[in-house]
Structure formats: C-alpha cells, structure tokens
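For the protein sequence lines, the chains are H and X, in the order given.
One point on numbering: in this note's numbering, the residue at position 152 of the first sequence is 152, and numbering is uninterrupted.
One point on numbering: in this note's numbering, the residue at position 235 of the second sequence is 235, and numbering is uninterrupted.
These notes are about the structure you will find just below.
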Amino acid sequence: MKQIWTIARRELSVFFNSLIAYIMLITFLGFSGFFTWLYGADVFFVKQASLQSFFSIAYWTLFFFIPALTMRLFAEENRSGTIELLLTKPVTDWQVVVGKFLSTLILIIIALVLTLPYYFTVANLGSIDNGAVWAGYLGLILMSSVYIAIGIYTSSISNNQIVSYLLALFIGIFFQIIFSLLAGNFSGMVGEVLNYLSISTHFDSMSRGVIDSKDLVYFLSIIFMGLIMTEANVEKKRL
Amino acid sequence: MDIVVENLTKKYGAQKAVDNISFRVKTGEILGFLGPNGAGKTTTMKIITTFLAPNDGNAFVGNFSIKDNPESIRKNIGYLPENNPLYEDMPVIDYLRFVAELQNIEKSKINDRILDMVNLCGLEGEKQKKINELSKGYKQRVGLAQALIHNPEVLILDEPTSGLDPNQIVEIRELIKKIGREKTVILSSHILAEVEATCDRILIINKGKIVADGTAKELRKQSEGKEILRVRIEDGDKNEIFKALQEVSTVGTVDFIPGEGNAFEIQSKPELSSRREIFKLCVDKKWVMTEMSFVETKLEDVFRDLTMN
C-alpha cells in the first residue's frame, strides 16, 4: 500500500509541476461551467433544481480529458527508459499500475470537488434531490475510473503519447456511445448485451439517483480488467 | 552477497543475446564486464537485476533466485542502467526521496540517507535543481546516488562512466572503488583502461559467450606465449639488418617500426626467446644496439584476439 501511495504521489507531483493539472482543471471547470450555466440545455433552461445538465456535460468533457492525462503514464517511462529503474525497485508491477491509476483518479476527484459550488448554488435555487446529486457524482467517478483504466492500458501499449491518446479515445468511444447506438439496431439478446456494455446505460440511471449493484459490478469489472491487462503488458516487457 | 549466474540463456527472437553463460562474483569483488557492443553485457545485467526474465538458466543474488524471490533481490541491489534514465522533470532531492521511499527506508532515516548521498556523490550545489538542468556528469552522479541510497550489498553498473569527461571519469572510478570494498560490484564497459583500473577481475564476453575470465594480469599472460621485443640498432643498412634478423633461428616475424629509423618489432617463435641470438648477431656484425626491450601485450590486443574471429 505504501509503495502504491509513493508512486501515486510522484505522478500527482508531475501533474502539478508541469501545468498539466492546472490546464486540465481550468478547462474542465470552464467547459462544464459554460454549458451548465450559460448555454444550451443549462440549469435555467431546464427549470429544475437539478445537476442533470452538469452531469451530461461532464460525461463528455471527462471522456476527452482523461486520455490526455493518462497517455503519459507508461508511454513516457517506456520512451525514456525510466521504466527499467522503476521495475527494478522493490515494487510489484501491480503496485506500479495501481499507483499510476490512483494518481489520475485523485486529480479527477479534485476536479469534481471544485464543482461542488455548482451544487450549493443550485441547492439555493430550489429543493434539490440530494440522493441524485451524490449518486451522479459517484457515477462520474466510476466512469472516470473506467476511462483511466482504458487510458493506462493504451499508454502501456505504446511509447508514443499521441498514439496512446488516440487509441484510448478509439476504445473509449465504443463504451461512450457506439455500443448504445448499436443496441438500438438489434433486438433480443444482442441488443441487451450491447446495451449493458454501454457506459451511458449505467451512468444515466446513476445520475438519476439509482445506485444498482448491477451498475457497480459493471464499472468495477471494466476497471479491474483494464488494470489487469495493463499489468500483463508491463510484465510482457520483461520477456 | 555473492552473485551466481547459472547457464543463463536469453533469446531475442531467433538470436541468442546471451548463450548459456555461468559465472560467480564474490563479496568484495569488483567484476568488470567487457565485450564489444551487442555482446550481451547489458542483457546479462538486466537479467540479474530482475528486469528481464531469461529463457533458460537461473541467477542468484545471495540466496535469492531471480525466479522465486525477485523482490528480495531488488531490495539488495543498486542498479545504474545504461544511458542512466532519470525522471528529468524532478528536482534531485525529490527524486532521491522518491527512490528512498520505494526502497522502504525508514521515514526517520530518509533525510540522513539523502544527505549522505548528496555528500558522497558531490551533489551539494545541485540538489535543488531539476535533473534536466544538470550536466551529464552530474546526472550520472544522481544515477549513482539513487543506486546507492538504500546501501545495497550488490551494485550493478552499466557503463557508469560513458559520456563523462576525463576528470569526472577518475572521480567516478574512485567512488566505485571506495564503495566496492565491502560490496559486490559488476560494472560493464568497453573502455579497457577503465576496467583495468577499477576491477579486480575481468570477464570478456563475445556473442553471448564468455571468452575470458581472470585478472588483467592473467589475461595478458594467456595471450603472451610469444615474446615480443623492440630492438633499435644504430648505423647499418635498414634492409640488411632486417634480413639478418629474419635469419636468426628463433625469430618468427620482424616488423619495421615506422618513422623511427632502424627500430624493429621482433616476435619470437612460440616458447622461445631470441634475446641472446640477436645480441650475438649484433656483436658479430659490429652493429651498435641502443635499445632492446619487451613489448608488453596490451589488454586491447587480448580483447581483439578474443572478440574478432
């Protein structure tokens, strides 16, 4: 556990020392703030004291931002050779993978915490469904974790960050939208499976305040699979 | 802690980078790993440090096997990889702290260890700088500092002095020698003088196989066999002397040493000495001999003999 935390802290310090973190935070808050308060189907347009509009915009901004944060994690170490130093220290491959995963998750959580003023403001405007808000935040954290896991995996494949970024988007877009679009075209078993695979199915129900164990299992298993595949990739470098 | 390597084989595709090698390094010994580029030095080191898994064979550090206890090995080795990869965007002191924490050094001792390393490796003036602001020599010191911070019993250094200027090379060598007294050290290099100056024992490998193993002295002796003399004879005609020397019964080959007048390099036949015969010849012909000395076989020659087919 201590090793995981040491690695996570180092990665976090890279985020904050290289401006990546600040740029990410500012653009995320800018985008989500703009669409939550000022434009399109914003809070005032909906005329309900709800964070629905924020959740649906965050759903897309995080989708594009997260691969930009994760693309560096392994690709850079592979390119510069520092992976060799890291893997010859008394840490397991799993600890390295989880440490890097945690660092990005912490940064995302910081970003989400900074949007809490949205909640307090909306709560002042009318009576808000607190359950839906917290479930929605949990949903955002879980879907971010899925994309972090995918992003780390694609970062471990390549030593080129751009390739990692694009590959993460490519894999991610299936979960983000393609599965649910395809699900509309199929009926029966296939349609149901595709529907289950789509993140939006699970995220939408959570952002409406329903936390179902089915959804949790879905998120956790994809996260876990992403991390295991990353570990396998790291291990492959030793062969 | 001893290092024992047993029948190690590593293939990259069909090519064998390391081909069934075995050797042993004892505690307190500094072993120099010599070989042309691509001979398998780095691969062997990567296997001992548990970064790479071998296709066949095993290696032990102390009682730990790279297959069964890789984590125990990692705690006990300090490793400086080839090209010295470092997290360039970190300040030196933060980087050392990160490594110290990964090495599970007790929290209360971390600051002391970092200070010790800063002093030992001469990083006092640079410790607050980011690593990418340092010159190559200082980066190399940071690489050494991170390898030494947990006071490991075994040190694996892959070309520790590559890219340094002559003064830095001497400093790093002294440092390695100082540290090496109570530790087991393997260092690789393709600079022969360096290995000769630093190491107790030399291992030459070529195409994945060990071709020589011994002290610098022993290696020289191995290929000595033949006596080589340097002889200078004043006056007299160059070609006449050359001919006469060639006719001496014990002489194998005679060469002119270019640009030095009547100077010759004379190689005797195996196991024979021509010193007396040459002296007699000079007396008979009334030539004035002003120089006759042994030419020591250079380690370079040994190396070339062993690694060129």
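Beta carbons: idealized from backbone N, C-alpha and C, even for Gly.
Inset, instruction - Would you list, in chain order, the members of the segment 70 to 82 of chain X that have their beta-carbon closer than 7 Å to a beta-carbon of chain H? - result: Across the segment 70 to 82 of chain X, CB contacts with chain H closer than 7 Å involve 71, 74, 75, 79, 81, in sequence order along the chain.
Inset, instruction - Closer than 8 Å by beta-carbon distance: list the chain X residues that pair up with residue 103 of chain H, in chain order. - result: As a first step, residue 103 of chain H is located in the first sequence; it is residue number 103 there, counting from the start. Within chain X, no C-beta atom comes less than 8 Å from the C-beta of residue 103 of chain H; the nearest is roughly 13 Å away.
Legend entry - Extent of the continuous beta strand (DSSP E) run through residue 199 of chain H: Residue mapping note: residue 199 of chain H aligns to position 199 of the first sequence, counting from 1. Counting along the chain, residue 199 of chain H falls outside any beta strand (DSSP E), though it belongs to the alpha helix (DSSP H) covering 199 to 207.
Inset, instruction - Within the same chain, show all residues whose beta-carbon is closer than 8 Å to that of residue 37 of chain X, passing over the 5 residues directly before and after it, in chain order. - result: Your numbering for residue 37 of chain X matches position 37 in the second sequence. These residues qualify, in order along the chain: 190.
Legend entry - Touching by the beta-carbon criterion (3+ pairs, under 8 Å), the segment 201 to 210 of chain H and the segment 130 to 137 of chain H: Verdict: yes, contact present.
Inset, instruction - Establish whether the CB of residue 84 of chain H and some CB of chain X are separated by less than 8 Å. - result: Residue 84 of chain H sits at position 84 when you count from the first residue of the first sequence. Cβ-Cβ to chain X under 8 Å: yes for residue 84 of chain H.
Legend entry - Ordered list of beta strand (DSSP E) runs contained in the segment 150 to 227 of chain H, each at least 3 residues: Taking 3 residues as the shortest admissible run, the segment 150 to 227 of chain H contains no complete beta strand (DSSP E) segment at all.
Legend entry - Start and end residues, beta strand (DSSP E) containing residue 187 of chain X: Here residue 187 of chain X is taken as the residue at index 187 of the second sequence, counted from 1. Per DSSP, residue 187 of chain X belongs to the beta strand (DSSP E) from 184 to 189.
Legend entry - Buried or exposed (CB count within 10 angstroms, at least 16 for buried), residue 166 of chain X: Looking up residue 166 of chain X in the second sequence gives position 166. In summary, residue 166 of chain X is exposed, with fewer than 16 beta-carbon neighbours lying within 10 Å of its beta-carbon over all protein chains present.
Inset, instruction - Using beta-carbon positions only, say whether residue 63 of chain H and residue 176 of chain H come within less than 8 Å of one another. - result: As a first step, residue 63 of chain H is located in the first sequence; it is residue number 63 there, counting from the start. As a first step, residue 176 of chain H is located in the first sequence; it is residue number 176 there, counting from the start. Yes, Cβ-Cβ distance for residue 63 of chain H and residue 176 of chain H is below 8 Å.
Inset, instruction - Spell out whether any CB of chain H is found under 8 Å from the CB atom of residue 60 of chain X. - result: What you label residue 60 of chain X is simply residue 60 of the second sequence in a count that begins at 1. Not one chain H Cβ lies under 8 Å of residue 60 of chain X.
Inset, instruction - Take the Cβ of residue 251 of chain X as the centre, count every other Cβ of all protein chains shown within 10 Å, and call the residue buried at 16 or more, exposed below. - result: Within the second sequence, the letter at position 251 stands for residue 251 of chain X. Its Cβ being crowded by 16 or more others within 10 Å, residue 251 of chain X is buried.
Legend entry - Interface partners of residue 87 of chain X on chain H, CB under 7 Å: Here residue 87 of chain X corresponds to residue number 87 of the second sequence, with the count starting at 1. Among the residues of chain H, those whose CB is under 7 Å from the CB of residue 87 of chain X are 82, following chain order.
Inset, instruction - Might you give, ordered along the chain, the residues of its own chain that have their beta carbon closer than 7 Å to the beta carbon of residue 28 of chain H, omitting 5 neighbours on each side? - result: Within the first sequence, numbered from 1, the residue matching residue 28 of chain H stands at position 28. By the criterion of a C-beta distance shorter than 7 Å, residue 28 of chain H is surrounded in its chain by 61, 65, 111, once the five residues flanking it on both sides are discounted.
Legend entry - Sub-8 Å separation of residue 69 of chain H and residue 104 of chain H beta-carbons: As a first step, residue 69 of chain H is located in the first sequence; it is residue number 69 there, counting from the start. As a first step, residue 104 of chain H is located in the first sequence; it is residue number 104 there, counting from the start. Yes.
Inset, instruction - Examine chain H for any beta-carbon lying closer than 8 Å to the beta-carbon of residue 120 of chain X, and answer yes or no. - result: Within the second sequence, residue 120 of chain X is the residue found at index 120, counting from 1. False, the Cβ-Cβ gap to chain H never drops below 8 Å.
Inset, instruction - Count the CB pairs spanning the segment 134 to 154 of chain X and the segment 72 to 92 of chain X that are closer than 8 Å, and state whether there are at least three. - result: Contact holds: three or more Cβ-Cβ distances are below 8 Å.
Inset, instruction - Quick one: which residues of the segment 88 to 114 of chain X get their C-beta closer than 8 Å to a C-beta of chain B? List them in chain order. - result: No chain B appears in the structure shown, which is made up of the protein chains H and X.
Inset, instruction - Scan the segment 16 to 61 of chain H and note each continuous alpha helix (DSSP H) run of 4 residues or more that stays entirely inside, going in chain order. - result: 20 to 33, 43 to 46, all fully within the segment 16 to 61 of chain H.
Inset, instruction - Measure the alpha-carbon distance for residue 194 of chain X versus residue 85 of chain H and round it to whole angstroms. - result: Here residue 194 of chain X corresponds to residue number 194 of the second sequence, with the count starting at 1. Here residue 85 of chain H corresponds to residue number 85 of the first sequence, with the count starting at 1. CA-to-CA, the gap between residue 194 of chain X and residue 85 of chain H works out to about 24 Å.
Inset, instruction - Would you grab the beta carbon distance between residue 205 of chain X and residue 78 of chain X for me? Rounded to a whole angstrom, and I think it's under 8 Å. - result: What you label residue 205 of chain X is simply residue 205 of the second sequence in a count that begins at 1. What you label residue 78 of chain X is simply residue 78 of the second sequence in a count that begins at 1. Residue 78 of chain X and residue 205 of chain X do not touch by the CB rule: their CB atoms are close to 22 Å apart, not below 8 Å.
Legend entry - Whole-Å CB distance - residue 203 of chain X paired with residue 295 of chain X, under 8 Å assumed: As a first step, residue 203 of chain X must be located in the second sequence, where it is residue number 203. As a first step, residue 295 of chain X must be located in the second sequence, where it is residue number 295. Going by Cβ atoms, the distance from residue 203 of chain X to residue 295 of chain X rounds to 26 Å, so no, they are not a contact pair.
Legend entry - Buried/exposed call for residue 23 of chain H, threshold 16 Cβ in 10 Å: Here the question's residue 23 of chain H lines up with position 23 in the first sequence. Residue 23 of chain H comes out exposed.
Inset, instruction - Give a yes or no on whether 8 Å exceeds the smallest Cβ distance from residue 184 of chain X to chain H. - result: If you number the second sequence from 1, residue 184 of chain X lands on position 184. Not one chain H Cβ lies under 8 Å of residue 184 of chain X.
Inset, instruction - Would you tell me roughly how many angstroms separate the C-alpha atoms of residue 122 of chain H and residue 128 of chain H, rounded to the nearest one? - result: The sequence position of residue 122 of chain H within the first sequence is 122, counting from 1. The sequence position of residue 128 of chain H within the first sequence is 128, counting from 1. If you take the alpha carbons of residue 122 of chain H and residue 128 of chain H, they lie about 7 Å apart.
Inset, instruction - For residue 292 of chain X, collect the residues of the same chain with a Cβ closer than 8 Å to its Cβ; drop the 5 residues on either side in sequence, then sort them by chain order. - result: Sequence index remark: in the second sequence, residue 292 of chain X carries index 292 (1-based). Counting only Cβ-Cβ distances below 8 Å, and skipping sequence neighbours, we find 229, 230, 231, 232, 275, 278, 279.
Inset, instruction - Just the C-alpha distance for residue 187 of chain X and residue 236 of chain X, rounded to the nearest angstrom, thanks. - result: In the second sequence, counting from the first residue as 1, residue 187 of chain X sits at position 187. In the second sequence, counting from the first residue as 1, residue 236 of chain X sits at position 236. For the pair residue 187 of chain X and residue 236 of chain X, the Cα-to-Cα distance works out to about 51 Å.
Legend entry - residue 311 of chain X at chain H interface by Cβ criterion, 8 Å: Past the boundaries of the shown model lies residue 311 of chain X; chain X is included only from 1 to 309, so the question cannot be answered.
Inset, instruction - Could you name each continuous alpha helix (DSSP H) segment of 4 residues or more that falls completely within the segment 25 to 82 of chain X, going from the start of the chain to the end? - result: Look at the segment 25 to 82 of chain X and you find these whole runs of alpha helix (DSSP H), each 4 residues long or longer: 41 to 48, 70 to 76.
Inset, instruction - With DSSP as the reference, please indicate the residues paired to residue 3 of chain H in a beta bridge. - result: Translated into positions along the first sequence, residue 3 of chain H becomes position 3. Residue 3 of chain H pairs with nothing; no bridge assigned.
Inset, instruction - Run down chain H in chain order and give the residues with a C-beta less than 8 Å from the C-beta of residue 359 of chain X. - result: Nothing can be reported for residue 359 of chain X, as the shown portion of chain X is limited to 1 through 309.
Legend entry - CB contact flag (residue 143 of chain H, residue 39 of chain H, <8 Å): In the first sequence, the residue the question calls residue 143 of chain H occupies position 143. In the first sequence, the residue the question calls residue 39 of chain H occupies position 39. Residue 143 of chain H places its beta carbon 8 Å or farther from that of residue 39 of chain H.
Inset, instruction - Give me the Cα-Cα distance between residue 219 of chain H and residue 179 of chain H, rounded to the nearest whole angstrom. - result: The residue you call residue 219 of chain H lines up with position 219 of the first sequence. The residue you call residue 179 of chain H lines up with position 179 of the first sequence. Their Cα atoms are separated by approximately 15 Å.
Legend entry - Beta-ladder partner(s) of residue 12 of chain X, from DSSP: Translated into the one-based positions of the second sequence, residue 12 of chain X becomes position 12. Bridge partners of residue 12 of chain X: X:15.
Legend entry - Amino acids of chain H, ordered along the chain, whose beta-carbon sits closer than 7 Å to that of residue 49 of chain X: For the purposes of this step, residue 49 of chain X is taken as residue 49 along the second sequence, with counting starting at 1. Per Cβ cutoff of 7 Å: 88.
Inset, instruction - Give every residue of the same chain whose Cβ lies closer than 8 Å to the Cβ of residue 164 of chain X, excluding the five residues on either side of it in the sequence, and list them in chain order. - result: Indexing the second sequence from 1 puts residue 164 of chain X at position 164. Taking residue 164 of chain X as the centre and dropping the five residues before and after it, the same chain places the C-beta of 136, 137, 140, 172 closer than 8 Å to its C-beta, in chain order.
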